[in-house]
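For reference, the structure discussed in these notes is given below.
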Amino acid sequence: SPHRSITRNRVPGTKKSKKRITLALTTNATGTDMIDPLFIGTAAKPRCFSGATGADLGFDYQSSKKAWMNGVIFNKYLTALDEKMVEQDRKILMLVDNAPPHQLLDGTSLANINLHMLPPNTTAYLQPQDAGIIASFKAKVKQRQLQNALEQINSVMNGRQDRLYETPAVQDHKARAVPEAADAAGKVLPPQPTSLIAYVLINYRWVFVCFFLLPLSFVYDILYYLRNRVIFYANSAPNKHAERVRAVQEQVGIPSCLPLLRTDFVAVQLTCHALSLQVLKWNKDGRKTPMCTARPGWQNISYRRGLYKKTLSNIKINMMDVLKVDTTAKSVWVEPLVTMGQLSATLSPLGWCLAIVPELDDLTVGTFVYIHHIPVSSLCSSLGGLVMGTGIETSSHRYGLFQHICTSYELVLADGSTVICSKDVHADLFYSIPWSYGTLGFLTAVEIQIVPTKP
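Numbered according to this note's numbering, the sequence shown spans residues 6 to 460.
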């Protein structure tokens, strides 16, 4: 058997360059004001500067033997910054970590800067720069370096230069590195608000939350609770459920002129499986207009509305009621937007509860979206939905995960038809729904196992 490679000539290895520079980043706590970064290199006038100084090239540059920050450079930097603050008639508090160079030397007098050191071993917890600003800055610099490398590759491929990283190209790259790093530092901080409304909401959000959002949320919760109780005790949810399923079918693919025949809300007989004009046009256009649920962001547990919904065909699934509590079968039928808090409030007075109770009241049974012909889940819908998502918000040693207490599912499929599946009917579909993330259809109702509560 072969015991050596075909090649016989040794290829000399390369070592990673140990040349480094140090940068000092200074910003305020909110990120609205940033001082130009300080660069520290090993040479007073690097070759790539072509004999010029850092000041001539438009940035703050200092040098030391190992390109490290030292007390002389630090005090020189503070003195220059203090003069700038005096000119602007501003006084600032500068927080620095507990490092040896961060000491004021004899003869250094600061008029408008109050220097304060953080306690030892607390930089990672108290220093705002370590909360992501430095990491974001490094990512921006690395992005610029890779862009320059790609430019050199294109030049070689197009014949504009013979070798990758020719000496002039390297010198030009080094000459641009520091200015580009300075420019990248300006892109680290978040964009600042330009309108008065945005400024008020960002800087005085507590006023909006305390005096508007919290009272409005309280009133909404009370009205929503009363609405659910009235609908449940009036037993109007089953009839409304049939209308809501028909509305979903009309949006997905069943024309409104074709009635949906239902003996009750669990037994469905569909007389036609035709595609609607919307779906026909959707397929004719090459499925360029995807479908998604139209649930607004303020009704999601994340309070966010996905940007993708602005360009997709929104399907309204306004299904948020408890349909039926069957104590004989020990099950409850619910619609997909029913929350765990709503379900617990309905079952507890009757002496029943879910076999597995998720710990968050705002979690819903589950709603999902279609993207092109291959559907994907709407992750903005209550952590992906308890049924079609992972369902790992809570579990039971006796029953398992949440989907293990679901005994039947009602779905509207991609062609607009409705199907009910269980362990005995359409078993292959039934066992495929958990973890499917909406790839099989729009969930419209679920039968969930319940158990009596102990007195």
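All residues carry an ideal CB built from backbone N, CA and C; glycine is no exception.
*Residues that DSSP places opposite Trp73 in a beta bridge*: Note: Trp73 sits in no beta bridge, so no partner.
_Taking the alpha-carbon of Ile322 as reference, which of Pro341, Ala334, Ser336 and Thr412 has the nearest alpha-carbon?_
Closest by alpha carbon: Pro341.
*Under 7 angstroms between C-beta atoms of Ala3 and Trp338*: This structure cannot speak to residue 3, because the chain is shown only from 6 to 460.
*asked:* So, with DSSP's three-state summary, where would you put Met99?
replied: strand
*Give me the Cα-Cα distance between Asp226 and Asp87, rounded to the nearest whole angstrom.*
54 angstroms
_What does the alpha-carbon distance come out to for the pair Ala299 and Phe435?_
So the two alpha carbons sit approximately 25 angstroms from each other.
*asked:* Run through the DSSP bridge pairs and tell me what Met39 is partnered with.
replied: Note: Met39 sits in a beta bridge opposite Thr32.
_In the DSSP assignment, the alpha helix (DSSP H) including Asn153 goes from what residue to what residue?_
Ile138 to Met162
*Is it right to say Ile202 is buried, meaning 16 or more other beta carbons lie within 10 angstroms of its own, or is it exposed?*
exposed
*So is Glu452 buried or exposed if we call it buried at 16+ other beta carbons inside 10 Å?*
buried
*Along the chain, which unbroken stretches of the beta strand (DSSP E) at least 3 residues long are found entirely within the segment 390-442?*
The DSSP assignment places complete beta strand (DSSP E) segments of no fewer than 3 residues inside the segment 390-442 at 411-417 and 423-427, in order along the chain.
*In this structure, does DSSP put Asn490 in helix, strand or coil?*
Past the boundaries of the shown model lies residue 490; the chain is included only from 6 to 460, so the question cannot be answered.
*If you draw a straight line from the C-alpha of Phe64 to the C-alpha of Ala419, how long is it?*
60 angstroms
*Please name the residue, chosen from Trp440, Ala144 and Val430, that lies closest to His409 on a Cα-to-Cα basis.*
The shortest C-alpha separation from His409 is found at Trp440.
*asked:* Please report the distance separating the alpha-carbon of Ser69 from that of Lys81.
replied: 13 angstroms
_Report the CB separation of Ala57 from Pro42 in whole angstroms; it is logged as a contact under 8 angstroms._
Not really, about 18 angstroms apart at Cβ, beyond 8 angstroms.
*Taking three-plus beta-carbon pairs below 8 angstroms as touching, is the segment 107-124 in contact with the segment 134-143?*
no
*Would DSSP call Tyr225 helix, strand or coil?*
Shown here, Tyr225 sits in a helix according to DSSP, grouped into three states.
*Using the C-alpha atoms, what's the distance from Leu151 back to Ala144?*
Distance between the alpha carbons of Ala144 and Leu151: 11 angstroms.
*Identify whether Phe447 lies in helix, strand or coil by the three-state DSSP scheme.*
strand
*asked:* Since Met393 and Leu328 should fall inside the 8 angstroms C-beta cutoff, what is the C-beta to C-beta distance between them, to a whole number of angstroms?
replied: The Cβ separation is near 19 angstroms, so there is no contact.
*Apart from the five residues on each side of it in sequence, which residues of its chain come closer than 8 angstroms, Cβ to Cβ, to Lys50?*
Gly56, Ala57 and Thr58
*asked:* According to DSSP, simplified to helix, strand and coil, what is Leu328?
replied: strand
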